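As you go down the protein sequences, you meet chains A and B in turn. Residues 1 to 278, numbered by the UniProt record's numbering, are exactly what the first sequence covers, in order. Residues 1 to 278, numbered by the UniProt record's numbering, are exactly what the second sequence covers, in order. The C-beta atom is built at its ideal place from N, Cα and C for all residues, glycine as well. Quick caveat: nothing in here was measured; it's all calculated off a predicted structure.
Protein chains: 2
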Amino acid sequence: MTSDIAKNARPKARVVKIEHADDPRLAPYRDIRERDLVGRTQRFVAEGKVVLNVLLSSARFEAESILVLDNRLSGLEAQLRLCPEELPVYRVSQATMDEISGFHVHRGILAIGRRKAIPSSAELLAGLPERALVAVLCGISNHDNVGSIFRNAAAFEADCVLMDETCCDPLYRKAIRVSVGATLKVPYARHGSIEDVLASLSQEGFNLLALSPSGTQSIYEASPAPRLALLFGTEGEGLPKPLLDRLNTARIPMSRDFDSLNVATASGIALSRFSRFS
Amino acid sequence: MTSDIAKNARPKARVVKIEHADDPRLAPYRDIRERDLVGRTQRFVAEGKVVLNVLLSSARFEAESILVLDNRLSGLEAQLRLCPEELPVYRVSQATMDEISGFHVHRGILAIGRRKAIPSSAELLAGLPERALVAVLCGISNHDNVGSIFRNAAAFEADCVLMDETCCDPLYRKAIRVSVGATLKVPYARHGSIEDVLASLSQEGFNLLALSPSGTQSIYEASPAPRLALLFGTEGEGLPKPLLDRLNTARIPMSRDFDSLNVATASGIALSRFSRFS
C-alpha cells in the first residue's frame, strides 16, 4: 500500500493510484475477456456498481480487489465505506483500464471476487424452509441464459438454483453481468448428473415439475406444492425424454404456430406463476 | 441468371454459383454487420433457416435474394421449392460468405428481405377482432429486447405490436435474429409519439394497462378486458411518470429486494398472463 489515498472521499478502504498497465497488482484484471472464454479459476470478475454492491454484501463471496476509473471514484463513496481497510482499491485512467482488461470497460468499475465456500446441493437443500421454491437447470450452457435465469430467480425469491454439471459456470463474467449480480446473491450448487440433483430433491420432499412445451398440465392449472422444484432444460432439445416420461410435466400455454420461448423467459413466467408473491 | 443450377435439388428457384466476393450481385450482403450499426434502408437481412421460413411465408415482406453456403443447399430443398422462379438464390463458399458479410456466418444462410407495405397503427387496429391483445412499446431501443418481445408476442399470439418512434427498428438484423423471425410475423407499426399511439388505442376501445414495478394492481388480480393493450417502457427509467399517473397500472409481483426484471422477460410474463391460451 502506498500513501496515495483519494482525498475527496473518506473511505475506509485505501485507494491506490496505479499508473502502468503492467503493474503486477493489476494481473488478475489482465485480458479478462479472453480468459472468460477459455477457463475458470476460483476467482471471478464483477463489473459495474450494482454488481459490486451485491458482491460487497455477500456472505458467500468476497472481493479481493477493486479497480475503478479515476472519474468514477466519487460515485463509490458508499461502497468504499463498506470495504474492509485491507481490501485493495486501485484507481486507474480509462486508457490503463482498457489496456489491462483488453476491451473498453465503459462502466469503469471492476472487481475480482472469490468464493468463500461452495455448498453442495444437499447442504443447500438441508437449509431450506418448509415452503420453498427451487429452480433446477439441466444442460443450460449459454451464459446469457444462465445469467437471465438467476436474475429471475432473484426477482421471484427462489430459494436456490441447482444445476447439473453440464450447465455453464454462473460466475462467468457475462453470466454475472446479465444476472445483474444475482449469481452472487441466489445460493446455488452445480455438480453431478441431473439424476443426482433430482434424487436430492426427492429426498427432501420436493415436488418436481418439469417445464416442457409438451407438458401435460398448464402452469396456470398445476397446483403449487409447498416445496416445489421447477426443472428447465435446454432451449433447442429440451429435457431428456426419459426424464419427461417419468416426471410431472407442465407447459406454458402458447401458440402451436411458433418456435418455443427462450428458456430464460420461460423461467421468468414459471417462477412468477409459482412465486410466493403471486 | 446463369444456367448453373444445383442438380441435387429440384427447386423452382434457380441456384447460381458465385465465385468472387466482389460480384455485384452480392452487394446487398456486403458488410452487413457494420451497416446494421449505422443505418437502415427499406431492406433487411434475415439469417438462418427458421427466419428464412418466416420470410418466405410472409404476406408483408418478400425476399429479394437468398445467399447460401454450398454445403447448406441440400438442407433447403423445401424452402427453395417455395420460392418463385425469379427469386435469385446464390451459393457461395464459406470463405466468400464470410468475406462479403464481414463476419463468420455460421448458420450459412442469409437473405435480403424487403417490406411490401407499411401499415399505420390506425390501419392495424382497424383490422383487429373484437377480442384482441396488443403489446405497446415506449422507448425500447435495445435490439435484443425488441427481438425478444416480438418472440414473446408471437408465442402468445398478440395481435400486433405498436411502437412509438423512439423504439428501435425491429428489422435490425439482430432484432430479427433474436426474435427467431417474429418481427417478420407479428404485425407492427412504429411511428409517432406514445401519446399518439395511446390515442389510437383508446379510440378503438382498448383498455390500457401500463406495466410498472410501482403498478397498483398485480397482473394476477387485474381482470382481462376483451381488447387489452399492455404498455411496456424502458428497463432503466420505465414509463414516463405523467403516463403512469394517468393510466391503469399493473405490476408483476416480485421481491422488493432486487433490481427489476428485464423488460423482455416482463413482457413474456404479462403476455402469458393475458394471452388467450392461459
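Comparing alpha carbon positions, the residue from A:L76, A:A266, A:L67, A:A111 closest to R177 of chain A is A:A111. Apart from the 5 residues on each side of it in sequence, V50 of chain B sits with its Cβ closer than 7 Å to the Cβ of V180, G181 in its chain, given in chain order. Counting C-beta pairs closer than 8 Å gives fewer than three between the region 187–201 of chain B and the region 212–221 of chain B, which falls short of the contact rule. About 7 Å separates the Cβ atoms of P88 of chain A and R25 of chain A, confirming a contact at the 8 Å cut-off.
Taking the beta carbon of N262 of chain A as reference, the chain B residues within 7 Å of it are S148, R151, listed in sequence order. The beta carbon of A210 of chain A sits no closer than 7 Å to any beta carbon of chain B. Taking C-beta atoms as the reference points, R114 of chain A and E47 of chain A fail to come closer than 7 Å. Measuring C-alpha to C-alpha distances from G233 of chain B to each of B:G102, B:N71, B:P242 identifies B:P242 as the nearest. A155 of chain B sits close to S255 of chain A, with the two beta carbons spaced by under 7 Å. For the options A:Q203, A:A153, A:S212, the alpha carbon positioned closest to that of K185 of chain A is the one of A:A153.
Counted as a single uninterrupted DSSP element, the alpha helix (DSSP H) harbouring V51 of chain B occupies residues 49–56.
Between the region 90–99 of chain A and the region 17–24 of chain A there are three or more inter-stretch CB-CB distances shorter than 8 Å, so the stretches are counted as touching. Our two residues, T265 of chain B and I252 of chain B, have alpha carbons roughly 11 Å apart in a direct line. In the structure shown, the three-state DSSP call for Y29 of chain A is helix.
With a threshold of 7 Å between beta carbons, I112 of chain B makes no contact with chain A.
In chain order, S272 make up the part of chain B whose C-beta sits under 7 Å from the C-beta of I252 of chain A.
DSSP, read as helix, strand or coil, puts K241 of chain A in helix.
With contacts defined by Cβ atoms closer than 7 Å, R190 of chain A and C167 of chain A form a contacting pair.
Listed along the chain, the chain A residues whose CB falls inside 8 Å of the CB of A59 of chain B amount to none; the nearest CB is some 15 Å away. By the neighbour-count definition (other C-beta atoms within 10 Å, threshold 16), F103 of chain A is an exposed residue.
The beta carbons of G147 of chain B and K116 of chain B sit about 21 Å from each other, so the pair does not count as a contact at 8 Å. In this structure, the alpha-carbon of R60 of chain B lies about 9 Å from that of P119 of chain B. Counting other Cβ atoms within 10 Å of its Cβ, S101 of chain A reaches 16 or more and is therefore classed as buried.
For R107 of chain B, the CB contacts under 6 Å within the same chain, skipping 5 residues up- and downstream, are E47, G48 in chain order. Close partners of D159 of chain A in chain B (Cβ separation under 7 Å) are lacking, with about 12 Å as the shortest Cβ gap. Flagged as an interface residue toward chain B: F156 of chain A, by a C-beta distance shorter than 7 Å. A229 of chain B places its beta carbon less than 7 Å from that of V134 of chain B. According to the DSSP secondary-structure assignment, Q217 of chain B is paired through a beta bridge with B:A250.
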